[in-house]
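Peer 1:
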Amino acid sequence: MDKPQTPKSRKQKNKGGRPRSDEREKRKYSVKVYFDQGSYTKLLRRSKNRQCSLSSLVYELAVNGYVREAMSKEDAANLRSLSGMANNLNQLAHEAHVHHFSFVEKRVLELAGRIDEVLVRLGNS
Numbered sequence: 003m004d005k006p007q008t009p010k011s012r013k014q015k016n017k018g019g020r021p022r023s024d025e026r027e028k029r030k031y032s033v034k035v036y037f038d039q040g041s042y043t044k045l046l047r048r049s050k051n052r053q054c055s056l057s058s059l060v061y062e063l064a065v066n067g068y069v070r071e072a073m074s075k076e077d078a079a080n081l082r083s084l085s086g087m088a089n090n091l092n093q094l095a096h097e098a099h100v101h102h103f104s105f106v107e108k109r110v111l112e113l114a115g116r117i118d119e120v121l122v123r124l125g126n127s
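Just so we're aligned, residue 3 is where the sequence shown starts under the working numbering, counting upward by one.
(1) Can you look up ASN16 in the DSSP assignment and give me helix, strand or coil?
(2) With a CB to CB cut of under 7 Å and the five nearest residues on each side skipped, what residues in its chain are close to SER74?
(3) Would you check if the distance between the CB atom of ASN90 and the CB atom of LEU113 is smaller than 9 Å?
(4) In whole angstroms, what separates the C-alpha of VAL100 from that of GLY86?
(5) Can you name, in chain order, every residue of its own chain whose Cβ lies under 6 Å from the Cβ of LEU84, other than the five neighbours on each side?
(6) From the DSSP output, in three-state form, read off ASP77 for me.
(7) Buried or exposed, going by whether 16 or more other CB atoms sit within 10 Å of the CB of LEU94?
(8) If I measure Cβ to Cβ from LEU56 and keep anything under 8 Å in the same chain, skipping five residues before and after, which residues do I get?
(9) May I ask you to report which of helix, strand or coil DSSP gives GLN53?
(10) Taking the CB atoms as reference points, tell me whether ALA123 and ASN80 lie closer together than 9 Å.
(11) Quick check on DSSP: helix, strand or coil for TYR68?
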């Protein structure tokens, strides 16, 4: 026996999951490419350094003509420390508003010097 349709059962049930991509954005066409041993090894090394798949590396090279290299671990560490220093600077600014600036002036100048050092390190890499 069929169930009578109630207002709830008439609604489309949400399936969830990832929404469908636009037809224009789908990659429908494949291209088969052959490499000699030297070029293939070079591509493998580059994909390993960038920590991406070989196919995505070749795609980026074909479409854009270049591949943006991954950030080095040293640069990532410098950015994290810079972020922490920015947080400290915000706390010191709050303290300076609550108290008087002369109360936190020494710490602000120390922090500004450390921020300058990190910015120089980031600029050199």
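All C-beta atoms, glycine included, are put in the ideal place defined by N, C-alpha and C. Just so it is clear, the structure is predicted and the values come from calculations on it, not from any experiment.
Peer 2: According to the structure shown:
(1) Taking the first residue of the sequence shown as 1, we reach residue 16 at position 14. Reduced to three states, the DSSP call for ASN16 is coil.
(2) Numbered from 1 along the sequence shown, position 72 holds the residue referred to as residue 74. Taken in chain order, the residues that qualify are SER127.
(3) For the purposes of this step, residue 90 is taken as residue 88 along the sequence shown, with counting starting at 1. For the purposes of this step, residue 113 is taken as residue 111 along the sequence shown, with counting starting at 1. Contact: yes.
(4) Mapped onto the sequence shown, residue 100 falls at position 98. Mapped onto the sequence shown, residue 86 falls at position 84. Answer to the nearest angstrom: the Cα atoms are 21 Å apart.
(5) Looking up residue 84 in the sequence shown gives position 82. Result list for LEU84: VAL120, in chain order.
(6) Walking along the sequence shown from the start, residue 77 turns up at place 75. Helix at ASP77.
(7) Taking the first residue of the sequence shown as 1, we reach residue 94 at position 92. Buried, because 16 or more other Cβ atoms sit within 10 Å of the Cβ of LEU94.
(8) Numbered from 1 along the sequence shown, position 54 holds the residue referred to as residue 56. Excluding sequence positions up to five before and after LEU56, its CB lies within less than 8 Å of the CB of LEU45, LEU46, SER49, all in the same chain and listed in chain order.
(9) Numbered from its first residue, the sequence shown carries residue 53 at position 51. If DSSP states are grouped into helix, strand and coil, GLN53 belongs with coil.
(10) Within the sequence shown, residue 123 is the residue found at index 121, counting from 1. Within the sequence shown, residue 80 is the residue found at index 78, counting from 1. It should be pointed out that residue 123 corresponds to Arg in this sequence rather than to Ala. For ARG123 and ASN80, yes; Cβs fall inside 9 Å.
(11) For the purposes of this step, residue 68 is identified with residue 66 of the sequence shown, where counting begins at 1. Looking at TYR68 - three-state DSSP - the assignment turns out to be coil, as it is neither helix nor strand.
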